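Novice: Listed in order, the protein sequences are those of chains A, B and C. Everything in the first sequence is counted per the working numbering, starting at 1 for the first residue and increasing by one. Everything in the second sequence is counted per the working numbering, starting at 1001 for the first residue and increasing by one. Everything in the third sequence is counted per the working numbering, starting at 2001 for the first residue and increasing by one. For every residue, glycine included, the Cβ atom is placed at its ideal position computed from N, Cα and C. Computed from a predicted structure; not experimentally measured.
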Amino acid sequence: MNSKRTGEKVIYWLMRGITYLVVVFIAYILIDILIHGLPAISWEFITGDPEKSGAEGGIFPAILGTLFLVIGTIVVALPLGMFSAIYLTEYARQSKFTQTIRMAIVTLAGVPSIVFGLFGLGLFVVALDFGASILAGSLTLACMILPTIIVASEEALKAVPKYMREGSLALGATKWETIYKNVLPYALPGMLTGAILGIGRAAGETAPILLTAAAFFLPELPSSVYDQVMALPYHLYILATQHPEAQKILPMQYGTALVLLFLVIGLNFVAIILRIKVRKKYKW
Amino acid sequence: MSEILTDNNNKVHVENMNFYYGNVQALFDINMDIAEKKVTAFIGPSGCGKSTFLRTLNRMNDIIDGTRIEGKVLIDGSDIYNPMTDVVALRKKVGMIFQKSNPFPKSIFDNIAYGPRLHGVKDKNQLMEIVESCLIKSALWDEVKDRLDKSAMGLSGGQQQRLCIARALAINPEVVLMDEPASALDPKSTLKIEDLVNELKKDYTIIIVTNNMQQAGRVSDYTAFFYEGKLIEFGATGQIFTKPNQKQTEDYITGRFG
Amino acid sequence: MNKQRLKAKIIKYFLQSCGSLSIIIVLLIFLFLFKEAFPFIGSPGIGELFHNIWNPVSFQKEEFGLVPLITGSVLVTILATVIAIPFGIIGAVYISEVASAKEREFLKPFIEILAGIPSVVLGFFGLIVIAPFIKDLFGLNTGLTALTGAVLLAFMAIPTIMSISEDAIKSVPAAYKEASLALGASKLETIWKVVVPAALSGIVASVMLGMGRVVGETMTVMMVTGNAPVISMNPFTSVRTMTATIAAEMGEVTIGSDHYMALFWVGIVLMLMTFSLNLISYRVLKKYGMIDK
C-alpha cells in the first residue's frame, strides 16, 4: 500500500514536471527575446527607416506596413464574419446547406497559411491583376482569419439569452430590429474579442503576404492600396535568413522580433482582458 | 368539444386547432372563445400544452424550428395565421409577459420606451408620458420614479416582473398574455401581481397560464383545463372549481393528480 | 407592410450570402490551385511529379519530383507529433485532473500564449537558440535538421493537442470516475484506466488536428530545417518540406512557367493532406458531441 502510494506520488510529479517543461520553454522564448531585444529598442529604431539593407537604422516602414495590412484585413473580414455569424445563429435552420457552411468554416480554419498565399497569388495578384499589393495581401489575410471571426462572433451571439429575443419580438419588433437593437449591442464586445484575436494572427503571419504583398525594402512608404509594403514578420525573416551579414545584425533581428511579439501577444492579452470584462458586465 | 360563452363579446376565437412540434402533436383539436376584458386562466399539469396554446395566440411559436399549426385562430374576427397577416402588428396588439421576468439590461426608462420607440415614437416628452402612465398602471411608479435612469437589472424579482408588464402595456396592446407570471416570485410579490391583473382587466383582455390553482380561482373569470394537449373543460371559474362536468377536471382540482 | 416584408427578405438574403462566403472561398481555393496547376498535365506531364528528384532550376534537366518534398514533410510531421504527444496529453490530463484550480487558471492562458507566438518569431528563436543546441548535443555539422524543425513544430502543436484533449477529458461523465473510485481504484488508476480511454477518440482527434497544423506550418520549418530536397528518414539530416518549398521558390519563378505550376501542385498535395486530417478529426469530434452541429 505504502509503496503504491509512493509510486503514485512519483508519477504525479512526473506529470507535473512534463507540464511545467512546456511552461519553462515558453518562458525561455519570451525572456530570451525580451533580454536581447530590449537593448535594440530605441526611439530611432521604432520611427526610423532601415539603413544598409536593414543592418542599421529602424523598422518604421515595416511597422506601418503591418498596420496597413491589418487594417485592410479587419475592414474586410470583420463585417463579413459578423454577418456570417448572424446568419448562422439567428437565421439558419438545421439543413444540408448550413452543415456545408460549418464544414467549410472548419476546412478554412485548417488551410495552411502558405496555401492561402498561393490562392491569393492566383486570384488577387494574377487573375484580378491587383499585383503584389496591400489590397491583395489584406484580402488574402481576410480569407485566412474569417473562420476565427465567425466562430468568436457566433459564441458572442449565443451568449445573449433567448429571452432577450423573445422579449423584443413580443413587443412587436421585427426580427432584424430585435437583432440590431437587442442582441448585437450585447454581443458586440464578444465579437470584438474575436476580431482582436484575428488581428493578432494576421499581424504575425508571414507566408500569405510573402506571395501577395510584402517587399523587403521599399524606398518610399506606400501611397495607395495597390502598392507593395514592408511588414514586420517578413522583415524579421529576411534579416534572420537572407541577410549577408545575418550573424552581425543580431540586435536588429531581436529588436524586430520583440516588437512583433509585443504586438501580437499584446493584442491577445487585450482580447483576454476584454473577454473577462464582458463576462463580468453581463451575467445573464 | 367547444363551449361558447355568449354573455360577452368574444375577443379570440379558436377553431379546430392542432399544433405540432416536428412530428409530435402537442395540441389536439382545440375550440375556444375568449371573452373581451375578462381574465381567462389556463390550468393543467405541466406539459399539458397550456403554454404552447398561449404562445400560438401571438405566434411566438413561429420562432421555434419545425413547428406547424392547423385550424383557425381569429382575433377580432381576422385570422392571425393568414399568410397576409402582419406578425409585427399582431404582436403589438397581443402583448406577452413571460414566466421568467426578462428586463433588458438597459435603464428602467429605456426598457419601457423600447416598444414605443420601435413603433416610431421619438419625442422625449411623449416617451416620458408613456413611461409614467405605464409604470402607474403597473403599480411600480412610486417605487422607481426617482431612478428611471438606473439599470432594470437592479430591481427585485417582483419589481422586474411588474416592469415587464409596464413594458408590455407601453405598446397599447388589447390582449395581454401572461405565461405563469408569478411562478418565480415570493407570496407577497405574487399578490401584487394578482391585484394588478384585477386592475388591468378593465382595459385589457387578459389570458393567464398558471400552475397555481388558488391563483386561477382568485384572479380569473373563466378557466380552461388542459390535459395531454386537449382542452378538457372550459367555463366560468366558479363553476369549474365547484362543480366541474368532467371527471378529469374534478380529479385535478381536488388534487388527485398533477 | 409589404415594404417591411421586402426589407426583411433583403436582409435575410444578404446575410445568407455572407454566410455562404466560407463555402465560396473554399471552392475558390481549390479552383485556383487547380487552375494554376492544370497546364502542367499536358507539358511537362503529370508523371514528372512522381519522380524522386526536385531540381526545378537547372541548365540540363529540370526535375519536378514531389517525393523528396513529401517525405520531408512527413518526416518532420511524424517527429513533431511523436515529441508533442506526451507533452500534450500528459499536460491535458494534469491540467484537467490533477492541477488545483489556481494552477489551472495560470497554466491554461500561459500555454495559450504559445499558440499566439508568430511562427517567424519561433523560427527565429529556433535558428538562434535551438539549432546550435542540437548541433552541439549530437555533434553534427549543422543544427539545421529535420529534428530541429520537429522540436519547434511540436511546441506549436502542443497547445492544440492540450486544449482539445482537455475538453475530451472533461466531457467524460463523472459517473465513470465515481464508479471506478467506488470499486477501490486509486485516483491515478482511474485517470489512466477509465478517464483517458473514455476520452480516447477526442484525444486522437486532437493529435490529428495538431498534425494538420504541423504539416501546414511554413516559416518555422523554412528557417530551421536546412532546406535540402533529399529523400531521407534520418532526423539528423537537412530536409525541405512542401510548405518551405513553395515559400522559398515562389518569389523567383516566372508566373505560368513549369516551375510555377509545379509549386501549385505542391500546394494541392498539401491542401489535400491537411484537408483529410481536419475532416477526419472534425467527424470524430462531431460524433462525440464536442462540436455543435
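Just to confirm the assignment, what range does the beta strand (DSSP E) spanning Lys1011 of chain B have?
Specialist: Here residue 1011 of chain B corresponds to residue number 11 of the second sequence, with the count starting at 1. Run containing Lys1011 of chain B: Asn1010 to Tyr1021, per the beta strand (DSSP E) assignment.
Novice: Between Pro1181 of chain B and chain A, is there a C-beta pair that is closer than 8 Å?
Specialist: By 1-based counting over the second sequence, the position of residue 1181 of chain B is 181. Cβ-Cβ to chain A under 8 Å: no for Pro1181 of chain B.
Novice: Within the same chain, show all residues whose beta-carbon is closer than 7 Å to that of Thr2241 of chain C, passing over the 5 residues directly before and after it, in chain order.
Specialist: As a first step, residue 2241 of chain C must be located in the third sequence, where it is residue number 241. Within the same chain, Thr2241 of chain C has close Cβ partners Leu2069, Gly2072, Ser2073, Val2076, Val2221 and Thr2225.
Novice: Which residue comes first and which comes last in the beta strand (DSSP E) that contains Ala1026 of chain B?
Specialist: Working through the second sequence from its first residue, we reach residue 1026 of chain B at position 26. First-last of the beta strand (DSSP E) with Ala1026 of chain B: Val1024 to Ala1035.
Novice: Is there at least one Cβ from chain C nearer than 8 Å to Ile46 of chain A's Cβ?
Specialist: The residue you call residue 46 of chain A lines up with position 46 of the first sequence. Ile46 of chain A does not count as touching chain C.
Novice: Tell me Ala1041 of chain B's beta-bridge partners as DSSP assigns them.
Specialist: Here residue 1041 of chain B refers to the residue found at position 41 of the second sequence. Its beta-bridge partners are B:Ile1208 and B:Thr1223.
Novice: Taking contact to mean at least 3 C-beta pairs separated by less than 8 Å, is the stretch 2131-2149 of chain C in contact with the stretch 2162-2171 of chain C?
Specialist: With a cut-off of 8 Å, the stretch 2162-2171 of chain C and the stretch 2131-2149 of chain C do not count as touching, because too few Cβ pairs lie within range.
Novice: Do Gly1115 of chain B and Gly72 of chain A have their C-beta atoms closer together than 8 Å?
Specialist: Counting from one through the second sequence, the residue named residue 1115 of chain B turns up at place 115. Counting from one through the first sequence, the residue named residue 72 of chain A turns up at place 72. No. Outside cutoff.
Novice: Using 8 Å as the threshold, is the C-beta distance between Thr256 of chain A and Ile105 of chain A below it?
Specialist: Walking along the first sequence from the start, residue 256 of chain A turns up at place 256. Walking along the first sequence from the start, residue 105 of chain A turns up at place 105. Going by C-beta atoms, Thr256 of chain A is not nearer than 8 Å to Ile105 of chain A.
Novice: Taking the C-alpha atoms as reference points, what is the distance between Met2250 of chain C and Leu121 of chain A?
Specialist: Position 250 of the third sequence holds residue 2250 of chain C. Position 121 of the first sequence holds residue 121 of chain A. Near 10 Å, if we compare the C-alpha coordinates of Leu121 of chain A and Met2250 of chain C.
Novice: So, are the CB atoms of Val1094 of chain B and Asn1058 of chain B less than 8 Å apart?
Specialist: The count along the second sequence starts at 1 and reaches residue 1094 of chain B at position 94. The count along the second sequence starts at 1 and reaches residue 1058 of chain B at position 58. In contact: Val1094 of chain B and Asn1058 of chain B (Cβ atoms closer than 8 Å).
Novice: For the alpha helix (DSSP H) containing Leu67 of chain A, list its first residue and its last residue.
Specialist: As a first step, residue 67 of chain A is located in the first sequence; it is residue number 67 there, counting from the start. Its alpha helix (DSSP H) spans residues Phe60 to Ile86.
Novice: In chain C, which residues lie less than 7 Å from Glu8 of chain A when you measure between Cβ atoms?
Specialist: Here residue 8 of chain A corresponds to residue number 8 of the first sequence, with the count starting at 1. The contacting residues are Ser2186 and Leu2188.
Novice: Helix, strand or coil: which one does DSSP assign to Ile249 of chain A?
Specialist: For the purposes of this step, residue 249 of chain A is taken as the residue at position 249 of the first sequence. Three-state result, Ile249 of chain A: coil.
Novice: Mind checking if Pro61 of chain A is an interface residue toward chain C, Cβ cutoff 8 Å exclusive?
Specialist: Translated into positions along the first sequence, residue 61 of chain A becomes position 61. By this cut-off, Pro61 of chain A is not an interface position.
Novice: How far does the alpha helix (DSSP H) with Phe1234 of chain B in it extend, from its first residue to its last?
Specialist: Your numbering for residue 1234 of chain B matches position 234 in the second sequence. It is not in any alpha helix (DSSP H) - Phe1234 of chain B instead sits in the beta strand (DSSP E) that spans Lys1230 to Ala1236.
Novice: Any beta carbon of chain A sitting closer than 8 Å to that of Lys1100 of chain B?
Specialist: Locating residue 1100 of chain B in the second sequence gives position 100, counting from the first residue. It does: the Cβ of Lys1100 of chain B has a partner Cβ on chain A nearer than 8 Å.
Novice: Whole-angstrom Cβ separation of Leu2152 of chain C and Gly2126 of chain C, contact assumed at under 8 Å?
Specialist: In the third sequence, residue 2152 of chain C corresponds to position 152, counting from 1. In the third sequence, residue 2126 of chain C corresponds to position 126, counting from 1. Going by Cβ atoms, the distance from Leu2152 of chain C to Gly2126 of chain C rounds to 5 Å, so yes, they are a contact pair.
Novice: At a CB-CB cut-off below 9 Å, which residues of chain A make contact with Asp1065 of chain B?
Specialist: Numbered from its first residue, the second sequence carries residue 1065 of chain B at position 65. Those are Arg93 and Gln94, listed as they occur along chain A.
Novice: Please list, in chain order, all residues of the same chain as Glu1132 of chain B whose beta carbon is under 7 Å from its beta carbon, the five residues on each side excluded.
Specialist: Taking the second sequence and counting its residues from 1, the one referred to as residue 1132 of chain B is at position 132. Cβ neighbours of Glu1132 of chain B beyond the five flanking positions: Trp1141.
Novice: Considering Lys1100 of chain B, what are the terminal residues of the beta strand (DSSP E) in which it resides?
Specialist: Translated into the one-based positions of the second sequence, residue 1100 of chain B becomes position 100. Here Lys1100 of chain B belongs to no beta strand (DSSP E), and DSSP marks it neither H nor E.
Novice: Within the same chain, show all residues whose beta-carbon is closer than 8 Å to that of Ile2130 of chain C, passing over the 5 residues directly before and after it, in chain order.
Specialist: The residue labelled residue 2130 of chain C in the question sits at position 130 within the third sequence. Hits under 8 Å: Gly2143, Thr2148, Val2151, Leu2152 and Val2224.
Novice: Short of 8 Å in beta carbon distance, which residues of its chain neighbour Ser2238 of chain C, apart from the five on each side in sequence? Order them along the chain.
Specialist: The count along the third sequence starts at 1 and reaches residue 2238 of chain C at position 238. Closer than 8 Å at the Cβ level, and outside the excluded window around Ser2238 of chain C, lie Thr2142, Leu2144, Thr2145, Ala2146, Thr2225, Gly2226, Asn2227, Ala2228 and Val2230.
Novice: Look at the alpha carbon of Ile1081 of chain B and the alpha carbon of Leu2006 of chain C, and state the distance between them as a whole number of angstroms.
Specialist: For the purposes of this step, residue 1081 of chain B is taken as residue 81 along the second sequence, with counting starting at 1. For the purposes of this step, residue 2006 of chain C is taken as residue 6 along the third sequence, with counting starting at 1. Per the sequence shown, the amino acid found at residue 1081 of chain B is Tyr instead of Ile. Cα-Cα distance, rounded: 19 Å.
Novice: According to DSSP, simplified to helix, strand and coil, what is Phe2059 of chain C?
Specialist: In the third sequence, counting from the first residue as 1, residue 2059 of chain C sits at position 59. Three-state result, Phe2059 of chain C: coil.
Novice: Chain C beta carbons: is any one of them nearer than 8 Å to that of Ala207 of chain A?
Specialist: Taking the first residue of the first sequence as position 1, residue 207 of chain A is located at position 207. True, the Cβ-Cβ gap to chain C drops below 8 Å.
Novice: Are the C-beta atoms of Val264 of chain A and some chain C residue less than 8 Å apart?
Specialist: Counting from 1 along the first sequence, the entry for residue 264 of chain A is found at position 264. At least one chain C Cβ lies under 8 Å of Val264 of chain A.
Novice: Any contact of the stretch 200-214 of chain A with the stretch 99-119 of chain A, i.e. 3+ C-beta pairs under 8 Å?
Specialist: At 8 Å Cβ cutoff, the stretches touch.
Novice: Please classify Phe2064 of chain C: does DSSP put it in a helix, a strand, or coil?
Specialist: The residue labelled residue 2064 of chain C in the question sits at position 64 within the third sequence. Three-state DSSP puts Phe2064 of chain C in a strand.
Novice: Exposed or buried, what is Ile2111 of chain C when buried is set at 16 or more other beta-carbons lying within 10 Å of its beta-carbon?
Specialist: Position 111 of the third sequence, counting from 1, holds the residue named residue 2111 of chain C. By the neighbour-count rule (16 or more Cβ atoms within 10 Å), Ile2111 of chain C is buried.
Novice: Anything in chain B within Cβ reach of Gly167 of chain A, meaning under 9 Å, just list it in chain order.
Specialist: As a working mapping, residue 167 of chain A is identified with position 167 in the first sequence. Neighbours of Gly167 of chain A on chain B, chain order: Met1096, Phe1098, Asn1102, Pro1103, Phe1104, Tyr1114, Cys1164 and Arg1167.
Novice: Do Thr2274 of chain C and Ser1997 of chain C come within 8 Å of each other at the CB atom, strictly closer than that value?
Specialist: With chain C covering only 2001 through 2293, there is no way to say anything about residue 1997 of chain C.
Novice: Kindly list, in the order they appear in chain C, the residues whose Cβ is closer than 7 Å to that of Gln253 of chain A.
Specialist: Looking up residue 253 of chain A in the first sequence gives position 253. Those within 7 Å of Gln253 of chain A in chain C are Phe2124.
Novice: For chain A, find out if any of its Cβ atoms is closer than 8 Å to the Cβ of Val2195 of chain C; answer yes or no.
Specialist: The residue labelled residue 2195 of chain C in the question sits at position 195 within the third sequence. Chain A, which has no Cβ nearer than 8 Å to the Cβ of Val2195 of chain C, makes this no.
Novice: Since Leu2270 of chain C and Val2215 of chain C are thought to touch, with beta carbons under 8 Å apart, how far apart are those beta carbons, to the nearest angstrom?
Specialist: Sequence index remark: in the third sequence, residue 2270 of chain C carries index 270 (1-based). Sequence index remark: in the third sequence, residue 2215 of chain C carries index 215 (1-based). Confirmed, about 7 Å.
Novice: Report yes if the C-beta distance between Tyr20 of chain A and Val2098 of chain C is below 8 Å; otherwise report no.
Specialist: By 1-based counting over the first sequence, the position of residue 20 of chain A is 20. By 1-based counting over the third sequence, the position of residue 2098 of chain C is 98. Their beta carbons are not under 8 Å apart, which means Tyr20 of chain A does not touch Val2098 of chain C by this criterion.
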